[in-house]
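Asks: To start, I am sharing the structure in question, which I have written as C-alpha cells.
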Amino acid sequence: MPGLPGVPAGWGSLSAAERDAAYNNTAAVADVAALHAARAAASDITRARPEARLDVPYGAGPRNVIDLFPAADRAAPCLVFLHGGYWQMNSKESFACLGDGARAHGWAAALPGYTLAPAATLTQIVQEVGQALSFLAEHGGEHGIAGPLVVAGWSAGGHLAALALEHPNVAAGLAISGLFELAPLRETYLNERLRLTDEEIATLSPLRRPVVPKPLAITYGTRELPALIQNSRAFHGYRVQGRAPGALMPIEGRNHFTILPELQTPQGALTQALLSLLPPPTGR
Numbered sequence: 018m019p020g021l022p023g024v025p026a027g028w029g030s031l032s033a034a035e036r037d038a039a040y041n042n043t044a045a046v047a048d049v050a051a052l053h054a055a056r057a058a059a060s061d062i063t064r065a066r067p068e069a070r071l072d073v074p075y076g077a078g079p080r081n082v083i084d085l086f087p088a089a090d091r092a093a094p095c096l097v098f099l100h101g102g103y104w105q106m107n108s109k110e111s112f113a114c115l116g117d118g119a120r121a122h123g124w125a126a127a128l129p130g131y132t133l134a135p136a137a138t139l140t141q142i143v144q145e146v147g148q149a150l151s152f153l154a155e156h157g158g159e160h161g162i163a164g165p166l167v168v169a170g171w172s173a174g175g176h177l178a179a180l181a182l183e184h185p186n187v188a189a190g191l192a193i194s195g196l197f198e199l200a201p202l203r204e205t206y207l208n209e210r211l212r213l214t215d216e217e218i219a220t221l222s223p224l225r226r227p228v229v230p231k232p233l234a235i236t237y238g239t240r241e242l243p244a245l246i247q248n249s250r251a252f253h254g255y256r257v258q259g260r261a262p263g264a265l266m267p268i269e270g271r272n273h274f275t276i277l278p279e280l281q282t283p284q285g286a287l288t289q290a291l292l293s294l295l296p297p298p299t300g301r
C-alpha cells in the first residue's frame, strides 16, 4: 500500500494514533461545532421555503429520501449534493443551504439521504446514491426537475460524487475535499463502523477505477489535512493522465469545514466552479 497515489507518505511507519490523526478533520479544526450549527441554521431556512419538497422517497429505507428544490425553469440544471461525515455521520438536513448558491443562478437542487455505516456497507451506500440518481432521472420531472444532473459532494460525499460520475444520467461533477483511495482508512478509527473489505477497497476507490471522461472539478482547502490534499491532487493527476476534463482548485486559506460557504453563496468559488461545468445555455 505505501507508495500508492492517495496514500500518505511514510504511512507504514506511522503509529495508530498518527494514522487516526491523519484523517480526523474534526480534531484538526477548533470551531467545528459553531460552523456546523451555523450551516444547520441556514439550512433550516432553506428547507422552510415554500417551493421545497422534503423527504420524497426514492427507496425503501428510512434514509432513502430526498429533498427537492425545483427551479422556475424545469429544464434548468440540478445540483445533486451528497453530504459528508465519513459515510457514518451527518444527514442531508443540515446541508440544504449549500444549494443556495446554484439556485441563485436559476438551478434546481436535490439532496439525497443515504443509510449510514454500520447499518449499511459502503457498497450499499454507493448503490443507494445510484438509486437516488436514477429516481431523479426517471421521476424528477414529476417534481419540476427535468434538467441535467450535476453531482457534488463534500468529504465522504466527494468520494460518492466521484463514483456517481459513472451514472449515465450525470452530466458533470464537483468533488470537494474528497477521499479517493480507501486503503489507509482500514487502518484508522474510521473502520470500526465502515468495516471495509478488500473488494470494496479495490472496486470503490476512485483512484483504482477507469477514468470517466466527464467534467469533474476537484477542490480542497489549502488548510486541509495533508492526507486529503494528497487525495485530491492524486485523483486529479490520475484523471489528467486519462485525458478527462476538470480543474484542480485549491481554495486558499480554507480548511475542511470553512470551504463549504464557497458553495452556499452565488459568487462563491465553488458555485462558480459548478456553473463552469456545463456549457452556457443556447440562445442566451
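Heads up: the sequence shown runs through residues 18 to 301, numbered per this note's numbering. We treat Cβ as the ideally placed atom computed from N, Cα and C, and that holds for glycine.
Provide the residue span of the beta strand (DSSP E) that contains L166, from first to last.
Replies: L166 to W171
Asks: On a CA-only basis, which of P267, Q247, L287 and L292 is nearest P25? Give me that one, please.
Replies: Q247
Asks: How should H156 be labelled, buried or exposed, when 16 other C-beta atoms within 10 angstroms of its C-beta is the threshold for buried?
Replies: exposed
Asks: Secondary structure at L277, three-state DSSP: helix, strand or coil?
Replies: coil
Asks: In terms of alpha-carbon separation, which member of L133, A251 and E159 lies closest to L207?
Replies: Distance check between L207 and each of L133, A251 and E159 places L133 closest, using alpha-carbon atoms only.
Asks: Shortest alpha-carbon distance to A127 belongs to which of W104, Q141, A154 and I142?
Replies: A154
Asks: Can you tell me whether D61 is buried or exposed? The criterion is at least 16 other CB atoms within 10 Å of its CB, across all chains shown.
Replies: exposed
Asks: Secondary structure at I162, three-state DSSP: helix, strand or coil?
Replies: coil
Asks: Could you tell me the distance, in whole angstroms, from the CA atom of W309 to the CA atom of A251?
Replies: No statement about residue 309 is possible, as the shown extent of the chain runs from 18 to 301 and does not include it.
Asks: Within 10 angstroms of the Cβ of R120, are there 16 or more other Cβ atoms? Answer buried if so, exposed if not.
Replies: R120 is classed as buried because its beta carbon has at least 16 other beta carbons within 10 Å across all chains shown.
Asks: Quick check on DSSP: helix, strand or coil for P25?
Replies: coil
Asks: What are the start and end residues of the alpha helix (DSSP H) that includes Y255?
Replies: P243 to Q258
Asks: Tell whether a beta-carbon distance below 8 Å holds between Y3 and A149.
Replies: No information on residue 3 is available, as it lies outside the stretch 18 to 301 that the chain covers here.
Asks: Residues in its own chain within less than 6 Å of Q281 by CB, not counting five upstream and five downstream?
Replies: So the qualifying residues of the chain are C114, L115, D117 and G118.
Asks: Less than 7 Å between C-beta atoms, sequence neighbours within five positions excluded: which residues of the same chain meet that for G78?
Replies: If we look at G78 and ignore the five residues flanking it on each side, its Cβ neighbours are T132.
Asks: Taking DSSP's pairing of strands, which residues face R70 in a bridge?
Replies: R70 is bridged to L85.
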